[in-house]
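J.:
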Amino acid sequence: MKKILVVDDSKKIRDLISVMLEDSYEITNVDSAEKAIEAVKKDEPDLVLMDIMMPGKLNGVEATKILKNSPTTKSITIILLTAKGQKIDIEEGRKVGADAYIVKPFSLAVLRERIHEFIG
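Residue numbers (the working numbering): 57 to 176.
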């Protein structure tokens, strides 16, 4: 079963995504960008759903940049899920290597479709 890491400081979002996807994927959840970096190195997920705005030293864009610049994690698909939908925010996400960008609130059908495009 393919593995997905859900990174969001909102427990409601993490739980919603987990319930929606747990029948098709192995889901792991963390609530910060720092924990995301640790979890990616430990669990080697096939895809990461990453919020941008989270408390802590790093945000989702910074964590994405770190993961995409590491030889061991650069091939992992990262989809940014965020309320920041301005063109400049989307460009910043793409610049650091995000594979896709979905603006909250998002359609669960669209999220599932995007995940399927990348990892089946």
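Virtual Cβ for every residue (Gly too), placed ideally from N, Cα, C. Here the structure is a predicted model, which means the values were calculated and not measured.
Three or more C-beta pairs closer than 8 Å, one from the region 67-85 and one from the region 111-130: is that the case here?
T.: Contact fails between the region 67-85 and the region 111-130, because fewer than three Cβ pairs, one in each stretch, are under 8 Å apart.
J.: Starting from LEU61, trace the beta strand (DSSP E) in both directions and tell me its first and last residue.
T.: Looking up residue 61 in the sequence shown gives position 5. Start and end: 59-63.
J.: Between ASP107, VAL86 and ASP87, which lies nearest to LYS140 when the distance is taken from Cα to Cα?
T.: Here the question's residue 140 lines up with position 84 in the sequence shown. Comparing Cα positions, the closest option is ASP107.
J.: With 16 other CB atoms within 10 Å as the buried threshold, where does SER88 fall?
T.: The residue given as residue 88 occupies position 32 in the sequence shown. Flag for SER88 reads buried.
J.: Measuring alpha carbon to alpha carbon, tell me which residue in GLU78, LYS151 and LEU105 is nearest ILE132.
T.: Position 76 of the sequence shown, counted from the start, is the residue given in the question as residue 132. For ILE132, the nearest C-alpha among the options comes from LEU105.
J.: THR133 lies in the beta strand (DSSP E); which residues open and close that run?
T.: For the purposes of this step, residue 133 is identified with residue 77 of the sequence shown, where counting begins at 1. 133-138 is the span of the beta strand (DSSP E), which, as asked, contains THR133.
J.: Is ASP99 closer than 8 Å to LYS59 when the C-beta atoms are compared?
T.: On the sequence shown, residue 59 is found 3 positions in, with the first residue counted as 1. On the sequence shown, residue 99 is found 43 positions in, with the first residue counted as 1. With contacts defined by Cβ atoms closer than 8 Å, LYS59 and ASP99 form a contacting pair.
J.: In or out: GLY176 buried (at least 16 other Cβ within 10 Å) or exposed?
T.: Along the sequence shown, one-based indexing puts residue 176 at 120. By the neighbour-count rule (16 or more Cβ atoms within 10 Å), GLY176 is not buried but exposed.
J.: Measure the alpha-carbon distance for PRO161 versus VAL62 and round it to whole angstroms.
T.: Here residue 161 corresponds to residue number 105 of the sequence shown, with the count starting at 1. Here residue 62 corresponds to residue number 6 of the sequence shown, with the count starting at 1. Each residue's Cα considered, the two are about 16 Å apart.
J.: Taking all protein chains shown into account, do 16 or more other C-beta atoms lie within 10 angstroms of the C-beta of TYR96, making it buried, or fewer, making it exposed?
T.: Translated into positions along the sequence shown, residue 96 becomes position 40. Reading off the sequence, residue 96 comes out as Val, not Tyr. By the neighbour-count rule (16 or more Cβ atoms within 10 Å), VAL96 is buried.
J.: To the nearest angstrom, report how far apart ALA156 and ASP79 are at their CA atoms.
T.: Within the sequence shown, residue 156 is the residue found at index 100, counting from 1. Within the sequence shown, residue 79 is the residue found at index 23, counting from 1. The alpha-carbon atoms of ALA156 and ASP79 are separated by roughly 23 Å.
J.: Between the Cα of THR138 and the Cα atoms of THR128, LEU123 and ALA154, which residue gives the shortest distance?
T.: Against the sequence shown, residue 138 aligns to sequence position 82. Checking every option, the nearest Cα to that of THR138 belongs to ALA154.
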